[in-house]
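Written out below as structure tokens is the structure these notes cover.
There are 2 protein chains.
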Amino acid sequence: MTGAEAVLRTAAAAGVEVCFANPGTTEMALVIALDHVPSIRAVLGLFEGVCSGAADGYARMARRPALTLLHLGPGFANAIANLHNARRAHSPVVNLVGDQATWHRDADAPLTSDIASLARPVSRWVRETRAASQIAQDAADAIAAALEPPGGVATLVLPSDCQEGEVAGPAKPTALRAARPVPTERVEAAAAALRGRSNGAIHLGGAALTERGQRAAARVRAATGCRLFSECFPARFERGGDLPDVARLPYFPERVASFLEGLDIIVLAGAPEPVAFFGYRGMPSRLSPPGSRVLTLAAAEDDVEGALEALADAVGALAAPTASPTSRAEPPRASGALTPDSVASVLASLQPDGAIVVDESATTGLGYFPAAARAPRHSFLTLTGGSIGMGPACATGAAIACRDRVVINFQGDGGAMYTPQALWTQAREQLRVVTLICSNRAYRILQIESARAGVPAPGPQAASLTELSRPPLDWVHLARGMGVPATRAGSLESLEDALRRAIAEQGPHVVEAVLSDAGR
Amino acid sequence: MTGAEAVLRTAAAAGVEVCFANPGTTEMALVIALDHVPSIRAVLGLFEGVCSGAADGYARMARRPALTLLHLGPGFANAIANLHNARRAHSPVVNLVGDQATWHRDADAPLTSDIASLARPVSRWVRETRAASQIAQDAADAIAAALEPPGGVATLVLPSDCQEGEVAGPAKPTALRAARPVPTERVEAAAAALRGRSNGAIHLGGAALTERGQRAAARVRAATGCRLFSECFPARFERGGDLPDVARLPYFPERVASFLEGLDIIVLAGAPEPVAFFGYRGMPSRLSPPGSRVLTLAAAEDDVEGALEALADAVGALAAPTASPTSRAEPPRASGALTPDSVASVLASLQPDGAIVVDESATTGLGYFPAAARAPRHSFLTLTGGSIGMGPACATGAAIACRDRVVINFQGDGGAMYTPQALWTQAREQLRVVTLICSNRAYRILQIESARAGVPAPGPQAASLTELSRPPLDWVHLARGMGVPATRAGSLESLEDALRRAIAEQGPHVVEAVLSDAGR
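Top to bottom, those sequences are chains A and B. Using my numbering, you'd call the opening residue of the first sequence number 1 and step up by one each time. Using my numbering, you'd call the opening residue of the second sequence number 1001 and step up by one each time.
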């Protein structure tokens, strides 16, 4: 078989089932090999950022690795922004990047560039295959690197001649190390710190936000009175239904300061110490209250769920706090124009049981998180790396991982313009993705930041860089241009009707919610 | 003034007039400073690849540097694909990339990454400013680096605190070195090689493809009988009108082999030795005929035009060959379905005098180059680095550089989907860009490459990765969604009518030509 086929057979044996691809000439052998390994499904994206974002979304939901197939340095570069999010989400993603034939690199043909230099900032593991004879083992190593707890991005550069060469066969999957058990001393230290103290909290991230992790954390809360809060941008946060109510770290550092005020112990479970998203003058990088103690129960690569359960036992928690059945909020039946809060609460009131909500709603969606606490059980996926353009792509991959669930991409219009091509893949694959575009026709966060920087009324150039209203984007046209039916809503009633219909559809749908402050 | 303002004032003093921007929070000081330096025009792109491609197109036409303004690593990453083309085009582009405050980097906040590692593969010069006091000089150095002959990409990483800090003022522009004169011995060697020999050729690239360069080359041809051909993907090729007829190196290596057959001398003027675009089994990297001599008259960084004029004098050429007035080809008045050749010849017959033709038409446009030789005088810009998604963005920047000329983006549908957001900037800026989308609804080049690789009938997965017909993209909807009027044409008559009307408009227009073989 060819080296390309050996790569794919190695991946299939390791449990890989999907390859998000935007190939070119140097990946032709891999494209051809996909027909020999039908257990790996090829999904075409028309832009590489769709492929990498979809791989991230798939990995977050399927909890197994996804492949991307990308075309040399420039093709890989287009995938980087969403790989940055995948890296912060600890998503197991394996990039297969074609390259010039080994013997052709020195010719410096137009598409030649240093792919490894591009790959390192978003990859925990980078390798360039040197010979066809090594290609299968390189693939096995790449997959193992992506799966090494807590998961991450591995990039394997595959020269075209190595893909084309004849090889003996696939490599065996590498034996994987499980997440590292947490030493008893760390559990005891956390238990001692939280026991009998009213000003403690557990900062939950990564695997702490699974159902198992949260239920264990809730036991600790019930026994010690500590607070529970999640990181600001969790990769996947199971919420709603009878799950415990867990708060979320705010975004702006001044809000974090008041949120954390009075805490003297912060126990980290799968999350890093809270830091500011950006460095603002006069505000610190690290946001734990001055004088507080921060201690790590479990790092991201540890057995976070096991550590929380051990902590619950150590503090003498009961088996499980009784779950209070949630009463669903009724949709706000008020009529009228759309505001950020009313859009968020309509969504929270209508999302179906088992929804996957991919949130890149930015400023519009601030009210969604509290509103959705009482929604039916759902998975909540956020912008882990802050690299916008994640939503449409991540939703696409999540829908491929979970064909029986409805995916709702709660999406700002500015961010959507970085990866609009994802809609085409949703149409082609007939995915149940409802994209709720929040059209405020502005980079609203930049307008807020400008005011925060002391410039409440920017001049014409600064204003022009934050306004998306000249001309207004028309998401109904854009969606239809990519084969996705679409509806525009300018009032609460029409938004509710449109969302209900879109959720009931079997394929994708775009609902453009034009906010009352659009363009301001 | 702030460091940010000092950067912009330094750039303005060095002749910079435009900044293609997609900023974020870490660039807020630069955004605010743009209102204090109104001689630099801020142009918003909704995706960073639009900014970098526009900067490339602007630099190719204006022959002066363009700024981009980008948001940390992920924002820069989205710009890389078109920076790769700019790098191969030797376009002077200066990237200003905001970064976390110097004191905040160690916190490893979500958007933090190694920007320099991302920048190096596409930049001839990379620097991270360390302190506000150095920021102005860093900006002057960046601009000088971009302008150093033959021009290139410079990337300056600007931590937010350095932008915000108070500084004394701008830096003086760095004195620039002119293109290096070519030593007399090289001119004499080339003259000796070409004189009295029938099997010689000059390979023209870069500055050799200006009017001055080509007229000098034509004098050499008239005196020696040598052939003239351009590199396959020139950055800017002046053509049409009474300019000399210069051939173009083919794309596929087997065609290059027959094209170059029989040559025993190839003189390089601003172009590298011809190499294959990709390494194909059984074909060489370097495409000069076996046994031929390749000698460099002028490298890209040399005074290429001066060298060609010196060569013309050395071979005893007359002042200038008499120009034969061109007779304009009539449009092919045949009716019927659209084929690649008929689309190309309609465009060549209708393009107005002084057009700028940005060609990313890929397989559809193969017939355009010969057809346009008899068109009125025009500038022809191509995909220098092979990184697709260049056309819509490059056309946007070219139109901003030359507001009095019509820009025609001759564009494949597959490539257009990498940077469709450029249409929005064209609408906002009311640019005279006619985008002629060649809708064959396929990655046709990959279908050709698959057949070349010995797989004439690919299986279902390989086929699905090259077909863009399920669903078909609707470019009329897509364009209108971004505020650009659009027309669909399915026959030669309707294409001709639509193109004539689009060319006459004062703002942008999209014409979608649906080819008769679309979706096959």
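For each residue, glycine too, the CB sits at the ideal point set by N, CA and C.
Where residue i falls, given that 16 or more other Cβ within 10 Å makes a residue buried
i         : result
B/Pro1456 : exposed
A/Pro183  : exposed
A/Leu318  : exposed
B/Ala1178 : exposed
B/Ala1193 : buried
A/Gly291  : exposed
B/Pro985  : Past the boundaries of the shown model lies residue 985 of chain B; chain B is included only from 1001 to 1520, so the question cannot be answered.
A/Asp359  : buried
A/Ala362  : buried
B/Pro1392 : buried
A/Asp242  : exposed
A/Leu263  : buried
B/Pro1253 : buried
B/Gly1049 : buried
B/Arg1480 : buried
A/Ser342  : buried
B/Pro1458 : buried
Other residues of its chain near residue i: CB distance less than 8 Å, five sequence neighbours each side excluded
i         : result
B/Ala1491 : Contrary to the premise, residue 1491 of chain B reads as Ser rather than Ala in this sequence. Taken in chain order, the residues that qualify are Ser1335, Gly1336, Ala1337, Leu1338.
B/Val1476 : Ala1486, Thr1487, Arg1488, Val1510, Glu1512
B/Gly1240 : Thr1326, Ala1372, Ala1373, Arg1374, Ala1375, Pro1376, Arg1377, His1378
A/Arg120  : Val126
A/Ala320  : Arg215, Ala218, Arg219
A/Arg432  : Ala399, Arg403, Arg405, Val406, Val407, Glu505, Gln506, Gly507, Pro508
Residue i and residue j closer than 9 Å at C-beta
i         : j         : result
A/Glu164  : B/Arg1064 : no
A/Ser230  : A/Leu260  : no
B/Phe1020 : B/Leu1083 : no
A/Leu156  : A/Leu96   : yes
B/Val1304 : B/Gly1386 : no
A/Gly205  : A/Pro272  : yes
B/Ser1285 : B/Ala1276 : yes
B/Pro1234 : B/Ala1218 : no
A/Ser439  : A/Leu465  : no
B/Ser1052 : B/Ala1014 : no
A/Ala4    : A/Ile40   : no
B/Val1018 : B/Tyr1058 : yes
A/Arg293  : A/Ile265  : yes
B/Ala1077 : A/Ala502  : no
B/Leu1044 : B/Leu1158 : no
B/Leu1268 : B/Ala1223 : no
B/Ala1146 : B/Pro1074 : no
A/Leu34   : B/Ala1462 : yes
Spatial neighbours of residue i in its chain, beta-carbon cut-off 6 Å, leaving aside the 5 residues before and after
i         : result
A/Phe380  : Phe237, Arg239, Val357
B/Ala1207 : Gly1213, Gly1270, Val1304, Glu1305
A/Pro181  : Asp303
B/Asp1161 : Ala1101, Thr1102
A/Arg444  : Thr363
Same chain, Cβ closer than 7 Å to residue i, five either side skipped, listed in chain order
i         : result
B/Trp1424 : Leu1046, Met1482, Gly1483
B/Ala1314 : Val1187, Glu1188, Ala1191
B/Arg1195 : Thr1224, Val1315
B/Ser1516 : Ala1337, Leu1338, Thr1339
heavy atom of the ligand ADP below 8 Å from residue i C-beta
i         : result
B/Thr1025 : Questions concerning the ligand ADP fall outside what the structure shown contains, since it holds no ligand whatsoever.
Worksheet item: Counting pairs of Cβ atoms below 8 Å between the segment 1009–1020 of chain B and the segment 1133–1145 of chain B, do you hit three or more?
Response: With contact defined as three or more Cβ pairs closer than 8 Å, the segment 1009–1020 of chain B and the segment 1133–1145 of chain B are in contact.
Discussion item. Which runs of the beta strand (DSSP E) at least 3 residues long sit entirely within the segment 184–264 of chain A? Give them in chain order.
Written reply: Within the segment 184–264 of chain A, the beta strand (DSSP E) runs of at least 3 residues that lie entirely inside it are, in chain order, 200–204, 227–230, 237–239.
Item to complete: Could you name each continuous alpha helix (DSSP H) segment of 4 residues or more that falls completely within the segment 153–186 of chain A, going from the start of the chain to the end?
Response: If only complete runs of 4 or more residues are kept, the segment 153–186 of chain A shows the alpha helix (DSSP H) at 160–164, in order along the chain.
Discussion item. Quick test of the definition: if touching needs 3 or more C-beta pairs under 8 Å, does the segment 478–485 of chain A touch the segment 498–510 of chain A?
Written reply: The segment 478–485 of chain A, when compared against the segment 498–510 of chain A, does touch it at the 8 Å Cβ threshold.
Discussion item. My parser needs the beta strand (DSSP E) runs of 3 or more residues fully inside the segment 324–379 of chain A; what are they?
Written reply: Within the segment 324–379 of chain A, the runs of beta strand (DSSP E) at least 3 residues long that lie entirely inside it are, in chain order, 355–360.
Worksheet item: Just checking, does the segment 1102–1110 of chain B make contact with the segment 1407–1419 of chain B on the three C-beta pairs under 8 Å criterion?
Response: No, the segment 1102–1110 of chain B is not in contact with the segment 1407–1419 of chain B.
Worksheet item: Which parts of the segment 1277–1331 of chain B are runs of the alpha helix (DSSP H), unbroken and 4 residues or longer, counting only runs that do not cross its ends?
Response: Counting only runs of 4 or more, we get 1304–1314.
Practice prompt. Pick out the complete beta strand (DSSP E) segments inside the segment 479–518 of chain A, 3 residues or longer, and give them in chain order.
Written response: Unbroken beta strand (DSSP E) stretches of 3 residues or longer found wholly inside the segment 479–518 of chain A: 486–489, 509–514, given in chain order.
Discussion item. As an exercise, report each continuous alpha helix (DSSP H) stretch of at least 4 residues that is fully enclosed by the segment 73–159 of chain A, in chain order.
Written reply: Those alpha helix (DSSP H) runs which fall completely within the segment 73–159 of chain A and span 4+ residues are 115–119, 135–147.
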